[in-house]
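Going by our numbering, the first residue of the sequence shown is number 1234, and it counts up by one from there. Glycine is no exception: its CB is placed at the ideal position from the N, C-alpha and C atoms. Keep in mind that this is a model prediction, so the values were computed, not measured. For reference, the structure discussed in these notes is given below.
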Amino acid sequence: MIDILSNQVIQIEDLLNRIGDKLQLNKTRRETIEKSYSTIARLFDNDDGLFKGVAVDIYPQGSYRIGTTVRPIHQNEYDLDFVLQPQMLWREGLNPLEVLKHVQSRIVLSKEYENKTEILKRCVRINYTDYHMDILPAFPERYIQNLSVKVPDKKLKDWKDSCPKGYAKWFELRCLQRKHIALEKMAKIEPLPQEMPYEFKEPLQRAVQIIKRSRDIFFEDKPDFSPISIILTTLAAKYYDGESTAFEAVCNIVEQINCEIQKTVGVMEVYNPINENEKFSEKWDNNNFLYKAFKDFMQYLKEQFINLKNARGIAQVNQILKQLLGETLSEEAINEQAFYVNKSRNNQSLGIVKPAAALTIISPGSFDKESVQPIRKHNFYGV
């Protein structure tokens, strides 16, 4: 039987899950956002202009779609990405700026969005109180159901290749690389996340959140040098090897990325794994300072996770997590873990859902022994 209260690695995993849960959109905010983009979608019904007689789909892309959103530091706005895809083929001569202007004109038909929109390089941004929504027009190539699409580039006055749906499916498949889990066991533990103190996520999803948050803290004073999220997400998914915890996943991912950096002659290249015409790392080609900043960050992350693995006691773990992920989040997670453990062990049994090392409350006789390991009473680790 594993005793989480005397197993520091599992205790760290629980803390990372708690921190990750605080970083993501809560249920209320998700519902608000879903209402917002449903409203936007209706504005394109009965379009009498560019999309006349054409059905228009709107769907999330990026971190919102794949479940890796990270709350900005200093309570800045969430940046949420959506694709607006008319069921019409891309064609030569389609003007990217005119498309962006048309999308904006349809949105501001609603008085709710007057003075809230702006045209950016590739999208139309709608500014809300605590988040902004970027609407990216995308046209399928060759046939309507094609996952590869063309998206506008206002600066280049041209179109670029992309594949948001394909990328999301690729990431979801990478999440399923998780080792040592069978479908029948997943079915047995399905109800348990309702009893957890945080929303269950796959280890890869949580690992991406942790890496992105570490990036935000590391580059807090130099945000212009910060590596973009799609690069970090792609590399994390590429090197994820089915680890059953986010902690193990991050340790392996940063080790493998640093190995690739060492082996690379010149500048590492990162492409969309679904569409190699889309190069995520193109800015590195013309700005060596950006690539150096990325390398410095990955080396720092590797060292910090080695320190975390070798930490002695919860006080040292706390210090490292504060540096990595922010003082407030780390303190909150540690205090909540202590409170949760003490309360749960006095009232009911406390167990670990395998293989994700997630704490959950269990009642005697109500759990599957293959899926949940009970925990005996014990003093809180390091206290």
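Taking the Cα of Y1311 as reference, the smallest distance to any Cα among F1284, S1343, R1358 and V1289 is reached at R1358. For K1387, the CB contacts under 8 Å within the same chain, skipping 5 residues up- and downstream, are P1329, L1330, L1333, I1352, L1353, K1354 and R1355 in chain order. In summary, G1295 is buried, with 16 or more beta-carbon neighbours lying within 10 Å of its beta-carbon over all protein chains present. The three-state reading of DSSP puts L1437 in helix, counting H, G and I together.
Cβ-Cβ separation between R1251 and E1476: approximately 19 Å, too far for a contact (criterion under 8 Å). Residue range V1357 to N1360 is occupied by the beta strand (DSSP E) that includes N1360. Residue environment: L1369 is assigned as buried (16 or more neighbouring CB atoms within 10 Å of its CB, all protein chains considered).
Boundaries for F1458: no alpha helix (DSSP H) harbours it, and the DSSP string shows neither H nor E there. Burial is judged here by how many other beta carbons sit within 10 angstroms of a residue's own beta carbon; G1499 has fewer than 16 and is exposed. A distance below 8 Å separates the beta carbons of F1404 and A1470. Contact between the segment 1441-1460 and the segment 1523-1536 is established, with three or more Cβ pairs separated by less than 8 Å. Just so you know, the alpha carbons of V1384 and L1465 end up roughly 22 Å apart. The segment 1318-1326 makes contact with the segment 1275-1295: 3 or more CB pairs, one atom from each, lie closer than 8 Å. With distances taken between CA atoms, D1454 lies nearest to H1307 out of L1249, R1275 and H1307.
Per DSSP, reduced to three states, the secondary structure at W1323 is coil, with no helix or strand assignment. Between the segment 1496-1513 and the segment 1541-1556, the count of Cβ pairs shorter than 8 Å is below three; the stretches do not touch. Straight through space, the alpha carbons of C1408 and R1263 are spaced by roughly 22 Å.
The beta carbon of W1323 sits closer than 6 Å to those of F1372, E1374 and K1383, all from its chain and outside the five residues before and after it, given in chain order. At a Cβ-Cβ threshold of 8 Å, L1256 and R1298 do not count as neighbours. In this structure, C1492 lies away from F1538, with their beta-carbon atoms at least 8 Å apart.
In this structure, T1467 sits near F1513, with a CB-CB distance shorter than 8 Å. The Cβ atoms of H1335 and L1283 lie closer than 8 Å to each other.
In terms of CA proximity to K1390, G1326 leads the group G1326, D1449, E1345 and F1452. In the DSSP assignment, P1385 falls outside any alpha helix (DSSP H) and within the unbroken beta strand (DSSP E) covering V1382 to D1386.
Here V1487 has I1444, M1531, L1534, K1535 and F1538 as same chain residues with Cβ atoms under 8 Å from its own Cβ, once five neighbours each way along the sequence are excluded.
According to the DSSP assignment, Q1294 belongs to the beta strand (DSSP E) that extends over V1289 to Q1294.
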